[in-house]
Amino acid sequence: MNIDLPTQYNPQSVEKPIYEKWLASKAFHAVPDARTNRFSCVIPPPNVTGALHLGHAINGTIQDILTRYHRMKGDNTLWMPGIDHAGIATQAVVEKTIFEKEKKSRHDLGREELVRRIWEWKEQFGARILNQLASIGSSCDWDRTRFTLDDICARAVREAFFKMFKDGLIFRGKRLVNWDAQLQTAVADDEIYHETVKGQMTSIKYPVDGSPDEYLIVATTRPETMLGDTAVAVHPDDPRYTHLHGKFVILPLVGRRIPVICDGLLVDPKFGTGVVKVTPAHDPNDYATGVRHNLEQINLLTPDGKVNENGQGEFLGQKYSYVGLKFATAARKQVLGDLETLGLIAETKVHEHEVGHSDRSKTPIEPYLSDQWFVRMGDLVDAAEPPKGGTPNVGSSAFRRSSEEGITLANGKRAPGLAQAAMDAVTDGRVKITPERYAKSYLDWLGQKRDWCISRQLWWGHRIPVWSREVLSSKESGADSAPVKWEQEFHWKNKIAVQRMGGVEYVCLADSARFDPPNEYAETVRKLVHDGYTQDPDVLDTWFSSALWPISTMGWPANGTSEKADDQLLPYFYPTSLLSTAREILTLWVARMVMFGLYCHGDVPFKDVYIHAVIQDGEGRPMKKSLGNGVDPVDIVASHGADALRFTLASMATETQDIRMPVVKDQKTGVNTSPKFDLGRNFANKIWNASRYVLSNVDEKQEAGIKNQEVTALEDRWILSRLNSTIQAVHDSINHYRFADLAEALRSFFWTDLCDWYLEIAKARIKAGDSVVQSILLHCLETTLKLLHPVMPFITEEIWSKLPNRESMLITAAFPVVDAGRIDTAAESQIALIQSVTSAIREIQNRYPAAKGKDVVLQPRDANVQGTIEKSRSIIEPLAGVRIAENSLGATKPENAATAVLPEVQVYIGGVIDKAVEMPKLQKRRDELTKLATSQRNKLGNEAAIAKVPAAVVQGWRDQLTKYEEELAAIEKNLQELGA
RNA sequence: GGGCGAUUAGCUCAGUUGGUUAGAGCGCAUGCAUGACACGCAUGAGGUCACAGGUUCGAAUCCUGUAUCGCCCACCA
3 MNIDLPTQYN
13 PQSVEKPIYE
23 KWLASKAFHA
33 VPDARTNRFS
43 CVIPPPNVTG
53 ALHLGHAING
63 TIQDILTRYH
73 RMKGDNTLWM
83 PGIDHAGIAT
93 QAVVEKTIFE
103 KEKKSRHDLG
113 REELVRRIWE
123 WKEQFGARIL
133 NQLASIGSSC
143 DWDRTRFTLD
153 DICARAVREA
163 FFKMFKDGLI
173 FRGKRLVNWD
183 AQLQTAVADD
193 EIYHETVKGQ
203 MTSIKYPVDG
213 SPDEYLIVAT
223 TRPETMLGDT
233 AVAVHPDDPR
243 YTHLHGKFVI
253 LPLVGRRIPV
263 ICDGLLVDPK
273 FGTGVVKVTP
283 AHDPNDYATG
293 VRHNLEQINL
303 LTPDGKVNEN
313 GQGEFLGQKY
323 SYVGLKFATA
333 ARKQVLGDLE
343 TLGLIAETKV
353 HEHEVGHSDR
363 SKTPIEPYLS
373 DQWFVRMGDL
383 VDAAEPPKGG
393 TPNVGSSAFR
403 RSSEEGITLA
413 NGKRAPGLAQ
423 AAMDAVTDGR
433 VKITPERYAK
443 SYLDWLGQKR
453 DWCISRQLWW
463 GHRIPVWSRE
473 VLSSKESGAD
483 SAPVKWEQEF
493 HWKNKIAVQR
503 MGGVEYVCLA
513 DSARFDPPNE
523 YAETVRKLVH
533 DGYTQDPDVL
543 DTWFSSALWP
553 ISTMGWPANG
563 TSEKADDQLL
573 PYFYPTSLLS
583 TAREILTLWV
593 ARMVMFGLYC
603 HGDVPFKDVY
613 IHAVIQDGEG
623 RPMKKSLGNG
633 VDPVDIVASH
643 GADALRFTLA
653 SMATETQDIR
663 MPVVKDQKTG
673 VNTSPKFDLG
683 RNFANKIWNA
693 SRYVLSNVDE
703 KQEAGIKNQE
713 VTALEDRWIL
723 SRLNSTIQAV
733 HDSINHYRFA
743 DLAEALRSFF
753 WTDLCDWYLE
763 IAKARIKAGD
773 SVVQSILLHC
783 LETTLKLLHP
793 VMPFITEEIW
803 SKLPNRESML
813 ITAAFPVVDA
823 GRIDTAAESQ
833 IALIQSVTSA
843 IREIQNRYPA
853 AKGKDVVLQP
863 RDANVQGTIE
873 KSRSIIEPLA
883 GVRIAENSLG
893 ATKPENAATA
903 VLPEVQVYIG
913 GVIDKAVEMP
923 KLQKRRDELT
933 KLATSQRNKL
943 GNEAAIAKVP
953 AAVVQGWRDQ
963 LTKYEEELAA
973 IEKNLQELGA
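According to the working numbering, the first sequence holds residues 3 to 982 in order.
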């Protein structure tokens, strides 16, 4: 064929047009049809503010490999794409931008305006990361792209919230949140970073009530929190304090009389003085202690981080007040000063400790007691039983349920609770996690059954669909002391649910789609507002909508009830086949999807979970912006091409939890890169050139199919055998998520077997225009392009389009299946012999440049070997560039011959020897063999031991020993001839 | 503190239930402009499998311990 291709593959000119061809062909778009073989997965939706990083790239590569593989196999294949609104992260980014440009805070703009601006921002930048995913070749069904805040997802969120509210799985509770006093918002745990701060540990003397001059000494790094102490705790078994059990101390500065309590969980008697101050409202451990002992919780903070009216009192006849002072700074100073004056400071030590800081405002966070919404994770049983895992949430531990235990899943089955339902799905194998060890993290985390705080004090997100009104003052209802009680529930036409908790009535509205006529929803809201109800200002934790992602993107709660194709997605593609993600969100996300899938829709969201490794830099550090050690996949696409990026990432995707990627700065561009990507680029280039060679040497009308009778030549039988082994390996490695094995199988077949050996062997026939070789070449090329396509889609599609008689696209071509009849072990062992003889000759030629072109004498071990070699002269001779002068059992060694001793044959090239080179080499080999043979003999000589070893293994050892001995004898002979 | 993982060639990693002389790519060394490819071809040199014990006829592989590194979770008043 007359073909005009550049000698180097240029991904930049190929990738874009190819991608557009795929889009135009609608190959990515999945529509439910009659097929029962299906493959589906949902993308872990990237953050809308995000940019592609290597984590996305490796995960995208993995998902795309599977998606393309299944599509080619003929499965109805859906890869559902989308973006996450990412609550706080997005709001913070936009707020920051607005502040930088306009010097306005969100309070200046107001809620509506800020949300409008974030949407505007989303419209402008939201598609960036999806475009970047497309640039690495991701074959997502872009027509179905979802956003966690779009109407379809919002409907699912409100539906799920309503259902849980109605079932008593959502409740109001107090909880310590991480309070960012600067932004005046609660901050999620994972948005906190810790910084080591040099602080001091102060020991304070608390006078014992009714025992003059006796003090309990407590140590603290947060002296200002003492204003909120409601107890001091000692260990119940600590003999030093037994006499104080049941006694009280007087809280300095405040004058409050607080009890000495015994608590074995909080107090470590060996630490410090063995006495701990207890501040339930400002410390998580103390909070849990407070719940255990029914202690008063005194909040000292105003939302902007100052001391509130609780921060005052009277001690020893003197009034003290800290109201209005900044809590952790001014108030602390003042408290310490006053204690000093009173002589109540026993000791001050420098103490380094970790202080949580808000990632957004970079200011220290404060534990802050506030009302929040929770999803109940634990088993629903009578509250007389203590909650599992000692969860400290008020609402949880006091939750009562009078009628029945457990919850009902959407399939009608019962489960003890949400967490347990999700645990069972993994323990009984409905969800399989790969690598298996991660199942343990999943189960451990869920096993704690900690209630999930789902409210966030933000404006960007799904607003909580609850309106509330106080029906009794908290005093009247006794809410402060009595456990929160679930009083009442009713629904009205299944769209309104009401709960009363702590004297407040909460009205939850279902999604507006449930209301009829359409304006009934707005009408209901208007009525609620008129009656004095206000909508909860908070929004839901981002993970709430993420937890619904597999069902919401497929249209839940619509479930095949209408004829519309989109309503058929859920029954057709759910449960999805696979979820591929990073281990860090196994709990936050994966566990919650399983819960919600079971609870809302009655089935697990995916059958398989694959956890990919995390890419680190060459020193084993995580890639971080602050370290400047990150590699940007977009840069790699520009420098090496998307296929090179994908191939390299696949080849690094082993089952370990971390993979290291040495990072270097590119001298020309100043951009971070890694020599690892050269591997992919070089391979792409190899594919390009081999294809170029094949295409320029086949007839335009050449058919790729092979007819049985044509395949007679050894090398032809061999390459087809290798090809079919490779097909098998490709199926196996993809199905077991072994992507590094996949890449290696592809590389070694294409590069070593096909290019280095087959093409070289076949060159003479190729030049001669042999049509059998042409059809085999085409067959191999066509098949390997298919095998390679899932990993390297662009270059393979491009070459595919150059094949003769090619009209359809590779992306939808049928994936190769193994033809077991082509596996030919005889051909494989014969070619292996040819390869080792050829290499041996080349080795001699390398050792003795003078040997080049000189005749070779071969002395085979037996007639069998002799015959194989004899038949393969025409292969060996051109490959090694020699003439085989003799090949016989009785061959005599030429004068001054250089020697290569193989197990099957001795290779001689005469007239070139240099004793100084030859002797040490032979001696070294002799010593090696002597050692090996001796140990082998010893092994076989131990008769008592041999009796226990399987006969086949023993026979293997004997054969091995024979080989050693034969080779050793040959070496000895050669040494003798050299006069050693 | 709890859990998980890693430690194999200079580097990055394979090594599937214990059983031929532990492999690959990169890098290195030597040679090569050979009608596909120098992003290439050929050849070679590199390993006490972290350390110490144990089980076994036999251990990179199983067990125990130690060291170093990393991750996740919980946190030291």
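By construction, the Cβ of each residue, glycine as well, lies at the ideal position given by its N, Cα and C atoms.
It should be emphasised that the depicted structure is a prediction, and the values quoted were computed from it without experimental measurement.
Query: Pair within 8 Å by beta-carbon distance, S141 and G62; Result: no
Query: Cβ pair H791, L761 closer than 8 Å; Result: no
Query: Residue environment, D446, which counts as buried when at least 16 other CB atoms sit within 10 Å; Result: exposed
Query: Contact the stretch 445 to 460 vs the stretch 633 to 642: 3+ CB pairs below 8 Å; Result: no
Query: Supposed contact pair I973 and R927 - C-beta distance, whole angstroms, cut 8 Å; Result: 6 Å
Query: Element boundaries [alpha helix (DSSP H), containing C782]; Result: 773 to 790
Query: Assigned exposure category for N889 - 16 Cβ within 10 Å defines buried; Result: buried
Query: Where the alpha helix (DSSP H) through M503 begins and ends; Result: Looking at the DSSP string, M503 is not in any alpha helix (DSSP H); the run it does join, the beta strand (DSSP E), is 498 to 503.
Query: Environment of A36 [buried if 16+ CB atoms lie within 10 Å]; Result: exposed
Query: Span separating the alpha-carbon of M166 from that of E472; Result: 22 Å
Query: Cross-strand partners of E368 (DSSP beta bridge); Result: W181
Query: Three-way DSSP call (helix, strand, coil) for I617 in this model; Result: strand
Query: Proximity of D453 and V377 at Cβ, strictly below 8 Å; Result: yes
Query: Length at least 3, wholly inside the stretch 36 to 124: the beta strand (DSSP E) runs in chain order; Result: 40 to 44, 78 to 82
Query: The alpha helix (DSSP H) enclosing M663, as first and last residue numbers; Result: Counting along the chain, M663 falls outside any alpha helix (DSSP H), though it belongs to the beta strand (DSSP E) covering 660 to 663.
Query: Opposing strand residues paired with K308 [DSSP bridges]; Result: K328
Query: As assigned by DSSP and simplified to three states, the class of T536; Result: strand
Query: CB of L780 within 8 Å of CB of I801, strictly; Result: no
Query: Coarse secondary structure for G175, derived from DSSP in three states; Result: strand
Query: For N39 and D77, the rounded distance between their alpha carbons; Result: 5 Å
Query: Proximity below 8 Å, CB of I911 to CB of A853; Result: yes
Query: Unbroken stretches of the alpha helix (DSSP H), 4 residues or longer, contained in the stretch 913 to 967; Result: 917 to 943, 945 to 948
Query: C-alpha gap between L980 and T901, whole angstroms; Result: 11 Å
Query: Start and end residues, beta strand (DSSP E) containing F250; Result: 250 to 252
Query: Where Q832 sits in the DSSP three-state scheme; Result: helix
Query: Three-state secondary structure assigned by DSSP to H464; Result: coil
Query: Pick from K335, V696, I347, L318 that is closest to P214, judged by C-alpha positions; Result: L318
Query: Y195 burial status per 10 Å Cβ neighbour count (16 or more: buried); Result: exposed
Query: Beta-ladder partner(s) of H359, from DSSP; Result: Y195, P366
Query: Cβ contact check for the stretch 224 to 242 and the stretch 331 to 343: 3 or more pairs under 8 Å; Result: yes
Query: Distance between I661 and G672 (C-alpha atoms, nearest Å); Result: 24 Å
Query: L7 versus A686 - alpha carbon distance; Result: 14 Å
Query: Close beta carbons around R875, own chain, < 6 Å, minus the five adjacent residues each side; Result: I886
Query: Contact check, V955 vs V909, beta carbons under 8 Å; Result: no
Query: Residues near H353 by beta carbon distance below 7 Å, same chain, minus five either side; Result: G201, Q202, M203, T223
Query: Pair within 8 Å by beta-carbon distance, I154 and F163; Result: no
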